Amino acid sequence: MNILTVLHCEIRKIIRSNVFWIMFLVLGFGPIMMGVGIVLSVDAGGIHWEQYLTELLDTLAPLGLIGYTFIAAWVFGREFSDRTIKDLLAKPVSRAKIVLFKYLVILAWCLLLSIYMFAVGFAAGAILGVEGGAASFIWSIFLRFLLTSLLYIFVTTPSTLLANVTKGYLAPLGLILIIVILSSVLASFGFAPYFPWTIPSVFQSTGSLNLSSIMILAYTGIAGIAGTFAWWRYAEQR
Numbered sequence: 001m002n003i004l005t006v007l008h009c010e011i012r013k014i015i016r017s018n019v020f021w022i023m024f025l026v027l028g029f030g031p032i033m034m035g036v037g038i039v040l041s042v043d044a045g046g047i048h049w050e051q052y053l054t055e056l057l058d059t060l061a062p063l064g065l066i067g068y069t070f071i072a073a074w075v076f077g078r079e080f081s082d083r084t085i086k087d088l089l090a091k092p093v094s095r096a097k098i099v100l101f102k103y104l105v106i107l108a109w110c111l112l113l114s115i116y117m118f119a120v121g122f123a124a125g126a127i128l129g130v131e132g133g134a135a136s137f138i139w140s141i142f143l144r145f146l147l148t149s150l151l152y153i154f155v156t157t158p159s160t161l162l163a164n165v166t167k168g169y170l171a172p173l174g175l176i177l178i179i180v181i182l183s184s185v186l187a188s189f190g191f192a193p194y195f196p197w198t199i200p201s202v203f204q205s206t207g208s209l210n211l212s213s214i215m216i217l218a219y220t221g222i223a224g225i226a227g228t229f230a231w232w233r234y235a236e237q238r
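Just so it is clear: in the sequence shown, position 223 is 223 by UniProt numbering, and no numbers are missing.
Below, the structure is given as structure tokens:
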């Protein structure tokens, strides 16, 4: 079977599912509500794009973590919940390539959602009358948000491993709720640069990361990817 054919099948499965469109609906609602809240919280003097986008994306980036984690877990976990895992393994494609294709689909889907959330937030600001702001600044903060999203996507890989080990996507959802609570607590105590799931928000706020944060982030993401590939290579899917 042609490799592109298998990748095309993965993409079609995602697009045909209700989850694909529901994620756009849910993650599109967030920027609108946050944008309205930011504008209403400002004095009558108005708000400029620099303040609006900074506040919006600082709160929007963690929302993406929840969405990206659900997507990553669902792409793998649905094969077990829908009982399609045996059909998938019957295809004349190596297991490593199946995992790779799924990761590529997750990456494309999450990046598309990131661009979509920024566009919705920007459109909401324009409609609400946000003023000023140079095009160069808007472009630079968009790129930072996109890089932050990539970091968040990278640390969702442990959820893919958990989805495979537990053969579903409910356990990763429980994990992300715990992570969200821990993130809030650890950030309040100044440990945000050392907790994998808060490190991307540090980058969003400051535009840089120290070496220890980069190493923690790298180890977390690589461990999730390596564990997922190993599970598909050695575990018996029943």
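Cβ atoms here follow ideal geometry from the backbone N, Cα and C, with glycine treated the same way.
Computed from a predicted model, the values in this text were never measured in an experiment.
For F195, the closest of L151, A235, K167, W231 by C-alpha to C-alpha distance is L151. By the beta-carbon neighbour count (other beta carbons within 10 angstroms, threshold 16), K102 is buried.
For V26 and R95, the gap between their C-alpha atoms comes out near 32 Å. Counting of Cβ neighbours within 10 angstroms places E79 among the buried residues, the total reaching 16 or more. As DSSP reads the structure, E131 sits in a beta bridge with H48.
Annotation: the continuous alpha helix (DSSP H) that includes P172 extends over 170-188. Distances from the CA of V165 to each of F229, A124, S17 were compared; the closest alpha carbon is that of F229. Within the same chain, Cβ atoms closer than 8 Å to the Cβ of V36 are found at A124, L128, the five residues on either side in sequence being excluded. Taken through DSSP and simplified to helix, strand or coil, T206 comes out as helix. Contact annotation: G224 and G168 have beta-carbon atoms that are not nearer than 8 Å.
In the structure shown, the three-state DSSP call for D82 is coil. Here the alpha carbons of A90 and T59 stand approximately 43 Å from one another. Excluding the 5 residues flanking it on each side, W109 has same chain C-beta neighbours closer than 7 Å at I14, I71, in chain order. In the three-state DSSP reduction, S114 falls in the helix class (H, G or I). S136 places its beta carbon 8 Å or farther from that of L111. For A235, there is no enclosing alpha helix (DSSP H), as DSSP marks it with neither H nor E. Judged by beta-carbon spacing, T156 lies beyond the 8 Å limit of T54, meaning their Cβ atoms are not closer than that value. Inclusion of V93 and W232 in the CB contact set at 8 Å is not warranted, their separation being larger than that value.
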